[in-house]
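Residue numbers (the numbering used here): 7 to 516.
Pasting the structure below:
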């Protein structure tokens with residue numbers, strides 16, 4: 007029997023990694039969405055599935071969603087919805103103050119939902135989806151899509167004030183403003199569309215933003231030439247001057263606006279007559295743009311608070327998994343004491359930076375508390391990240407640090423920049439290691455770079471076994487049996503499958 011020569015037991019498939027949640031043993035499950043899938047729907051489906059599975063859990067087993075990357079997306083969309091509403095209210099107030107009538111205000115406002123919904127309808131044609139980039143574009147588009155309708159309304163009101171009926175005033179106004187409306191749409195589209203042709207990932211980011219605005223502007227022009235004239239003929243009436251407080255506000259506003267307009271026209275007349283003044287002003291604007299442009303952060307994408315931070319621990323090469331687990335436990339204790347941290351998910355035996363399984367690395371997903379629960383300065387994202395790095399740096403016998411996740415999920419394993427050093431001379435590992443060290447040392451001298459490191463580990467101890475093939479064959483032993491035996495003693499070897507609990511399990515000899 008096998009039990010006479012070996013110990014038989016049910017165990018884990020592999021013992022090369024360990025998982026913990028807040029210092030307690032845990033079975034970790036990672037879910038990744040498929041290309042083209044809706045992240046929010048996928049996360050919601052996973053949560054419903056886990057609630058269903060939970061019904062069959064034993065009493066002493068529970069689950070926790072320690073890291074949900076869609077929370078930042080949900081929070082961002084929530085903020086964008088608020089911004090959309092605020093932008094719509096501001097546009098409504100501004101239009102009402104300038105046009106000074108609910109009938110005239112209603113016509114441009116009706117162009118907003120028509121333009122936005124029309125933009126959504128064209129998204130599938132361009133392969134776009136409703137995401138944060140396209141929603142940001144719509145926030146800006148709200149202030150642009152009313153321009154064409156305002157031009158039409160003002161032109162119609164001008165002719166109504168001169169005694170024409172709303173219908174005749176609309177026909178006369180459209181003869182005058184059709185060209186300008188088309189010109190406005192073409193000019194605005196010409197500003198945004200070229201950014202869609204920027205190559206690389208930068209162009210992909212700008213593409214949805216730019217095309218969203220361009221589409222909404224073109225649709226708003228179409229509305230101004232079709233829907234707005236019809237509404238003008240139906241809704242606009244000759245204005246009757248009132249005598250209440252609203253009319254007093256209108257009179258005051260019109261007086262102030264008239265004086266400001268007169269001053270602006272006077273300045274323009276002087277600038278036109280004296281070209282030197284215009285030239286000096288242009289040079290001043292150009293210099294100011296260059297000066298203030300240097301003050302704007304020049305990073306590809308900002309390091310935003312996504313609700314979680316990464317951390318890593320690196321021990322000396324070939325350190326045992328037990329030693330790594332002990333160091334990781336120290337790191338967990340330090341991380342959980344940082345204000346604003348909710349969960350610490352630990353993977354011992356894996357390096358997220360190099361995507362490699364080894365015994366001397368550990369990785370941490372540090373989940374922060376909800377944004378609404380982090381009001382204190384020390385609970386803000388930048389402060390938490392700095393405090394984590396400070397505390398982790400105090401761990402003896404290991405290199406430990408915290409770093410931000412990538413600004414865009416799937417683009418790299420962390421925030422910042424990644425370089426790949428290639429040995430194009432075809433030399434040995436020592437040559438590549440030497441030049442990698444030189445590159446790292448040179449990069450650390452640059453003041454604009456911080457936390458420069460590499461996952462290249464050329465000094466990991468290795469054992470080599472040379473099998474005397476002639477001697478093995480003389481003993482009548484197959485070389486494959488020798489290698490299988492070595493594999494079983496030094497690692498493990500797959501044998502077959504067995505059935506238990508309604509499914510198949512693997513048998514290993516170790």
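Ideal Cβ placement from N, Cα and C applies to all residues, glycine included.
Own chain partners of residue i with C-beta closer than 8 Å, once the 5 adjacent residues on each side are dropped
| i | result |
| --- | --- |
| residue 282 | none |
| residue 479 | 485 |
| residue 497 | 516 |
| residue 287 | 277 |
| residue 438 | 427, 429, 462, 464 |
| residue 513 | 500, 501, 502, 503, 504 |
| residue 56 | 69, 71 |
| residue 119 | none |
| residue 494 | 515, 516 |
| residue 467 | 323, 324 |
Where the alpha helix (DSSP H) containing residue i begins and where it ends
| i | result |
| --- | --- |
| residue 533 | Any property of residue 533 remains undetermined from this structure, which presents the chain solely from 7 to 516. |
| residue 229 | 206-231 |
| residue 177 | 172-198 |
| residue 513 | Where residue 513 is concerned, there is no enclosing alpha helix (DSSP H), although the beta strand (DSSP E) it sits in stretches over 509-515. |
| residue 21 | First-last for residue 21: undefined, no H or E at that position. |
| residue 594 | A question about residue 594 goes unanswered here, because the residues of the chain that appear run from 7 up to 516. |
| residue 487 | 485-496 |
| residue 386 | Residue 386 -> no alpha helix (DSSP H), and no H or E assigned at all. |
| residue 475 | 475-480 |
Other residues of its chain near residue i: CB distance less than 7 Å, five sequence neighbours each side excluded
| i | result |
| --- | --- |
| residue 149 | 93, 97 |
| residue 350 | 28, 338, 341, 342, 370, 372 |
| residue 14 | 8 |
| residue 173 | 239 |
| residue 211 | 139 |
| residue 145 | 86, 89, 90, 93 |
| residue 389 | 383 |
| residue 106 | 256 |
| residue 166 | 172, 175, 242, 244 |
| residue 224 | 191, 195 |
Burial state of residue i (16 or more Cβ within 10 Å)
| i | result |
| --- | --- |
| residue 411 | buried |
| residue 506 | exposed |
| residue 357 | buried |
| residue 402 | exposed |
| residue 444 | exposed |
| residue 471 | exposed |
| residue 226 | buried |
| residue 60 | exposed |
| residue 275 | exposed |
| residue 391 | buried |
| residue 435 | exposed |
| residue 26 | buried |
Beta-carbon proximity list for residue i, same chain, < 6 Å, skipping 5 on both sides
| i | result |
| --- | --- |
| residue 535 | Only positions 7 to 516 of the chain appear in the structure, and residue 535 is not among them; the question remains open. |
| residue 141 | 86 |
| residue 176 | 162, 235, 238, 239 |
| residue 346 | 374, 375, 380, 385, 390 |
Where the beta strand (DSSP E) containing residue i begins and where it ends
| i | result |
| --- | --- |
| residue 344 | Element bounds for residue 344: n/a, residue is neither H nor E. |
| residue 365 | 362-374 |
| residue 24 | 24-27 |
| residue 320 | 314-320 |
| residue 506 | 499-506 |
Contact test: residue i Cβ vs the ligand GDP heavy atom, cutoff 6 Å
| i | result |
| --- | --- |
| residue 37 | With respect to small molecules bound, the structure shown includes none, and the ligand GDP cannot be examined in it. |
- Sufficient close CB pairs (3 or more, under 8 Å) joining the segment 204-219 to the segment 241-260: no
- Is it true that the segment 223-236 meets the segment 154-166, where meeting means three or more beta-carbon pairs spaced less than 8 Å apart? yes
- Cβ contact (3+ pairs, closer than 8 Å) linking the segment 63-76 and the segment 34-50: yes
- Task: Could I get the ranges of all uninterrupted alpha helix (DSSP H) runs contained in the segment 393-473, with 4 residues as the minimum, in chain order?
- Result: 435-450
- Taking the runs of the alpha helix (DSSP H) that are 4 residues or longer, which of them lie wholly in the segment 34-110? 45-60, 76-105
- At what residue ranges does the segment 108-143 contain a whole run of the alpha helix (DSSP H), taking only runs of 4 or more? 108-132
- Query: Are at least three pairs of beta-carbons, each pair with one atom in the segment 309-323 and one in the segment 359-366, less than 8 Å apart?
  - Reply: yes
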